[in-house]
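Residue numbers (my numbering): 17 to 102.
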């Protein structure tokens, strides 16, 4: 029950905060970690094998999105795609 409520809250917050990258990243990490908890609690032997993969996935998504945010803040607004097409 707790894991399903965490997953539903994460999905709702992803939809709600789609304009804020940081909040979407946090809710995406919460969703990945709750999926990991569900796999561990299901007493599946594959959960131990998937644990390093999910850890790398969460950390790389954090690094990638933080780099994307920092690059987008450093670039001038005149170089956006909308201004290039006009």
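Ideal placement from N, C-alpha and C gives every residue a C-beta, glycine not left out. Computed from a predicted structure; not experimentally measured.
Output the distance between the C-alpha atoms of residue i and residue j, rounded to the nearest integer angstrom.
| i | j | result |
| --- | --- | --- |
| residue 83 | residue 73 | 15 Å |
| residue 66 | residue 58 | 13 Å |
| residue 52 | residue 70 | 7 Å |
| residue 76 | residue 20 | 25 Å |
| residue 54 | residue 48 | 10 Å |
| residue 46 | residue 24 | 11 Å |
| residue 86 | residue 44 | 19 Å |
| residue 90 | residue 68 | 33 Å |
| residue 56 | residue 50 | 10 Å |
Select from the options the residue whose C-alpha is nearest the C-alpha of residue i.
| i | options | result |
| --- | --- | --- |
| residue 80 | 46, 41, 21, 20 | 41 |
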